[in-house]
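According to my numbering, the stretch in the sequence shown is residues 2 to 387, in order.
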Amino acid sequence: MSNITISPDILPNSLRLPPHLSAHKYFFVCTLTVAAWDTLVLSPRSWKLFKTEGWPALKIIFFFLRFLMPVEFVIVGVAFFDSGWSRSACQRFFLFEPICTAVLLATCSAVHVIRVHGIYDKNRSVLYGLGSLLALQIVITAICCGFYRSVPILDEQGCIAGPKHNWVGVYWLSATLFYMASCALAVNRSVQSLSVQNLNPWKLMLRDGLNLYGAICLVNVVNVLFWFIIKPDSDADSIKTIVTSMTAVITTTMTLRIILSVRGSLSYGGSFTGVWSSSTGTHSASGGTGSARGPTNAPSVLQITSHTHSAPTYTIDGIHQKADPGWDSTEGKNDILSTPEHDHKPFVPPLKDSEYDAVYAKPASLRGVKITVDREIADFDPSRTK
């Protein structure tokens with residue numbers, strides 16, 4: 002029985018793929034799978050969000066990203082796998098991906114600016130800082146789009162956009178620096194909340210969506226490493242851009258989940274859920290009359306102190322305002338413990354009738370305590386009174 006050997010020269014170019022290009026195509030299949038799966042999984046919540054009243058900025062951006070991301074990569078996928086694309090057709094098309102991806106990244110970054118600005122209670126320093134990084138990212142990506150080229154692979158092997166020079170990697174470096182700053186600010190805000198509500202790192206991460214910020218930051222860092230460290234074998238090697246499509250898809254899908262994770266209204270970026278905002282602070286009572294007044298964002302604790310004789314001091318926890326309902330009528334509820342996990346308060350047994358009379362018997366003029374609670378509501382929103 003004779004062995005039949007097929008010469009590579011008689012195979013079509015669509016099957017004669019170098020190792021890096023073959024790996025690139027397999028990885029792009031994974032990218033399309035993630036994009037399709039994310040579109041399917043988020044459909045119920047997208048429909049629920051669509052039916053809510055009002056169109057704040059985050060809601061508009063959400064549906065823009067939902068439309069642009071799958072459309073872009075379906076088109077790019079057709080050009081990448083269609084063996085009928087000629088080199089001349091690719092020369093007219095290759096800028097489609099870097100331009101659309103730049104728009105996609107800029108829109109995702111705008112979500113981060115709005116959201117981080119919201120969780121920092123509309124802090125203008127945060128807005129100006131992240132806004133400046135976003136403006137820098139937009140300028141850099143726009144300039145870098147002019148320095149892309151069509152990777153000179155063979156006919157029938159598809160159409161791929163690649164950089165003309167190695168420094169074009171600043172296209173992704175600018176976005177990576179932005180997402181690193183966004184992640185750092187989100188983590189810092191969560192750590193600040195530990196002084197009010199002590200949670201373990203796992204619950205803290207899930208409550209504030211730090212895993213979403215971290216995933217975006219990580220995938221962009223890996224992509225930058227490919228751009229500046231990996232060396233291509235030749236001008237026709239597309240190894241530098243092997244992770245770019247997956248990076249854009251992951252960045253978009255995680256950003257969509259950041260919008261969906263907002264508890265309360267989406268207007269103005271929502272609010273931070275780690276600390277219940279109230280106007281209660283240090284409260285005291287003197288001479289039978291107490292008053293409560295304190296700074297915003299203080300824990301909701303009312304302390305009643307009477308300086309008459311040896312009357313005890315009472316601390317009443319849980320004076321909460323009713324939280325605003327979330328955009329889906331459920332997100333306003335905190336799914337993490339709303340009180341510290343370990344509250345070691347001593348158990349005080351109830352007093353017997355004889356003991357009660359001995360401890361609390363006082364003249365009629367001293368019986369009873371009048372409590373006055375004075376609340377200050379900051380950033381009044383007239384729409385909440387409706």
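Here a beta-carbon is modelled for each residue, glycine too, at the ideal position from N, C-alpha and C. Note that the coordinates shown come from a computational prediction; the quantities given were computed from them, not determined experimentally.
- Let me know if W228 comes out buried or exposed under the rule of 16 or more other beta-carbons within 10 Å of its beta-carbon. What you label residue 228 is simply residue 227 of the sequence shown in a count that begins at 1. Taking all protein chains in view, the Cβ of W228 is crowded by 16 or more other Cβ atoms within 10 Å, so the residue is classified as buried.
- Task: Drop a sphere of 10 angstroms on the beta-carbon of N221, count the other beta-carbons inside from all chains shown, and report buried for 16 or more, exposed for fewer.
- Result: Looking up residue 221 in the sequence shown gives position 220. Classification of N221: buried, given that the 10 Å Cβ count is 16 or more.
- Query: Where does R150 sit, in a helix, a strand or coil, going by DSSP?
  - Reply: Numbered from 1 along the sequence shown, position 149 holds the residue referred to as residue 150. Residue state, collapsed to three classes: strand.
- Going by Cα to Cα distance, which pick from L33, S151 and A107 is closest to L131? The residue labelled residue 131 in the question sits at position 130 within the sequence shown. Of the candidates L33, S151 and A107, the residue whose Cα lies closest to the Cα of L131 is A107.
- Span of the beta strand (DSSP E), counted from its first residue to its last, around G163: The count along the sequence shown starts at 1 and reaches residue 163 at position 162. Here the beta strand (DSSP E) through G163 covers A162 to P164.
- Message: According to DSSP, is D457 part of a helix, a strand, or is it coil?
- Response: Missing from the structure shown is residue 457; the chain here goes from 2 to 387 and no further.
- Message: Please report the distance separating the alpha-carbon of S1 from that of V188.
- Response: Not covered by the structure: residue 1. The range shown for the chain is 2 to 387.
- Message: For A249 and L69, I'd like the C-alpha separation in whole angstroms.
- Response: Here residue 249 is taken as the residue at index 248 of the sequence shown, counted from 1. Here residue 69 is taken as the residue at index 68 of the sequence shown, counted from 1. About 11 Å.
- Item | Contact under 8 Å by Cβ, T253 with C109 | For the purposes of this step, residue 253 is taken as the residue at position 252 of the sequence shown. For the purposes of this step, residue 109 is taken as the residue at position 108 of the sequence shown. Cβ distance < 8 Å, so T253 and C109 count as in contact.
- Opening and closing residue of the alpha helix (DSSP H) in which V244 lies: As a working mapping, residue 244 is identified with position 243 in the sequence shown. That residue, V244, is in no alpha helix (DSSP H); it is neither H nor E in DSSP.
- Would you verify that the beta carbon of L131 is, or is not, closer than 8 Å to some beta carbon of chain D? Of the protein chains in this structure there is only one, and it is not chain D.
- Touch test, the stretch 138-151 against the stretch 171-188, Cβ-Cβ under 8 Å, three pairs minimum: yes
- Task: Under 8 Å by Cβ, that's how I've got V112 and H118 pegged, so tell me the actual separation to the nearest angstrom.
- Result: For the purposes of this step, residue 112 is identified with residue 111 of the sequence shown, where counting begins at 1. For the purposes of this step, residue 118 is identified with residue 117 of the sequence shown, where counting begins at 1. In fact, because the Cβ distance is near 11 Å, the residues do not count as touching under 8 Å.
- Coarse secondary structure for Q198, derived from DSSP in three states: Indexing the sequence shown from 1 puts residue 198 at position 197. Here Q198 sits in coil by DSSP.
- Item | Three-state secondary structure (DSSP) of W56 | Locating residue 56 in the sequence shown gives position 55, counting from the first residue. Note: W56 maps to coil in three-state DSSP.
- Query: Since T40 is in the alpha helix (DSSP H), which residue starts that stretch and which ends it?
  - Reply: Along the sequence shown, read from residue 1 onward, the residue named residue 40 stands at position 39. It spans P20 to V42 - the alpha helix (DSSP H) in which T40 sits, taken as one unbroken run.
- Task: Rounded to whole angstroms, what's the CA-CA distance from L16 to R46? Just pull it up for me.
- Result: For the purposes of this step, residue 16 is taken as residue 15 along the sequence shown, with counting starting at 1. For the purposes of this step, residue 46 is taken as residue 45 along the sequence shown, with counting starting at 1. Going from the Cα of L16 to the Cα of R46 covers about 41 Å.
- Query: Can you tell me the Cα-Cα spacing of P19 and I100, whole angstroms?
  - Reply: Along the sequence shown, read from residue 1 onward, the residue named residue 19 stands at position 18. Along the sequence shown, read from residue 1 onward, the residue named residue 100 stands at position 99. Cα-Cα distance, rounded: 27 Å.
- Item | Cβ pair L137, V114 closer than 8 Å | Here residue 137 is taken as the residue at index 136 of the sequence shown, counted from 1. Here residue 114 is taken as the residue at index 113 of the sequence shown, counted from 1. Contact: no.
- Query: Among the residues of its own chain, which have a CB less than 7 Å from the CB of L33, if the five just before and after it don't count?
  - Reply: Here residue 33 is taken as the residue at index 32 of the sequence shown, counted from 1. Sequence-distant Cβ neighbours of L33 in its own chain, meaning closer than 7 Å and more than five residues away, are F74 and G78.
- Message: If distances are taken between C-alpha atoms only, which option among S183, D234 and V192 comes closest to A216?
- Response: Translated into the one-based positions of the sequence shown, residue 216 becomes position 215. If we check each option's Cα against that of A216, S183 comes out closest.
- Task: Let me know the secondary structure DSSP gives F81 once reduced to three states.
- Result: Counted from its first residue, the sequence shown places residue 81 at position 80. Note: F81 maps to helix in three-state DSSP.
- Item | Whole-angstrom C-beta distance between L219 and R258, which should lie under 8 Å | The residue given as residue 258 occupies position 257 in the sequence shown. The residue given as residue 219 occupies position 218 in the sequence shown. The pair is not a contact, with the Cβ atoms about 15 Å apart (cut-off 8 Å).
- Message: Please report the distance separating the alpha-carbon of A58 from that of Q158.
- Response: Your numbering for residue 58 matches position 57 in the sequence shown. Your numbering for residue 158 matches position 157 in the sequence shown. So the alpha carbons of these two residues sit roughly 41 Å apart.
- Message: Using the three-state DSSP reduction, which class does P233 fall into: helix, strand or coil?
- Response: Indexing the sequence shown from 1 puts residue 233 at position 232. P233 falls in the coil class under three-state DSSP.
- Query: How close, in whole Å, do the beta carbons of G163 and V225 come, if the pair is a contact with beta carbons under 8 Å?
  - Reply: As a first step, residue 163 must be located in the sequence shown, where it is residue number 162. As a first step, residue 225 must be located in the sequence shown, where it is residue number 224. Their Cβ separation, rounded to whole angstroms, is 16 Å, which puts G163 and V225 out of contact at 8 Å.
- Task: Rounded to whole angstroms, what's the CA-CA distance from E54 to C31? Just pull it up for me.
- Result: Residue mapping note: residue 54 aligns to position 53 of the sequence shown, counting from 1. Residue mapping note: residue 31 aligns to position 30 of the sequence shown, counting from 1. Straight-line spacing of the CA atoms in E54 and C31 works out to 36 Å.
- Message: My output table needs one value for K123: the three-state DSSP class, helix, strand or coil.
- Response: Stepping through the sequence shown from its first residue, residue 123 is reached at position 122. DSSP places K123 in coil when its eight states are reduced to three.
- Message: Quick check on G147: buried or exposed, where buried means 16 or more other Cβ atoms within 10 Å of its Cβ?
- Response: Indexing the sequence shown from 1 puts residue 147 at position 146. G147 should be labelled exposed.
- Message: If contacts are defined as beta-carbon pairs under 8 Å, then F81 and F29 qualify, I think. What distance do you get, rounded to the angstrom?
- Response: Here residue 81 refers to the residue found at position 80 when the sequence shown is read from its first residue. Here residue 29 refers to the residue found at position 28 when the sequence shown is read from its first residue. Yes, they are in contact, since the Cβ atoms of F81 and F29 sit about 6 Å apart, within 8 Å.
- Closest residue to Y149 among T102, H21 and V72 (Cα-Cα distance): In the sequence shown, counting from the first residue as 1, residue 149 sits at position 148. Closest by alpha carbon: T102.
- What number of angstroms, rounded off, separates the C-alpha of V35 from the C-alpha of V42? Stepping through the sequence shown from its first residue, residue 35 is reached at position 34. Stepping through the sequence shown from its first residue, residue 42 is reached at position 41. The alpha-carbon atoms of V35 and V42 are separated by roughly 10 Å.
- Item | Endpoints, alpha helix (DSSP H) assigned at F95 | Reading the sequence shown from its first residue, position 94 is the one you call residue 95. If you look at F95, you'll find it isn't in any alpha helix (DSSP H); DSSP assigns it neither H nor E.
- Below 8 Å CB to CB, which residues in the same chain sit around L105 once its five sequence neighbours on both sides are set aside? Reading the sequence shown from its first residue, position 104 is the one you call residue 105. Excluding residues within five positions, the ones whose Cβ falls inside 8 Å are L66, L69, M70, E73, A249, T252 and T253.
- Could you work out which residue in Q92, W56, R116 and L12 is closest to S1 when comparing CA atoms only? Because the chain in this structure spans residues 2 to 387, residue 1 falls outside the shown range and cannot be described.
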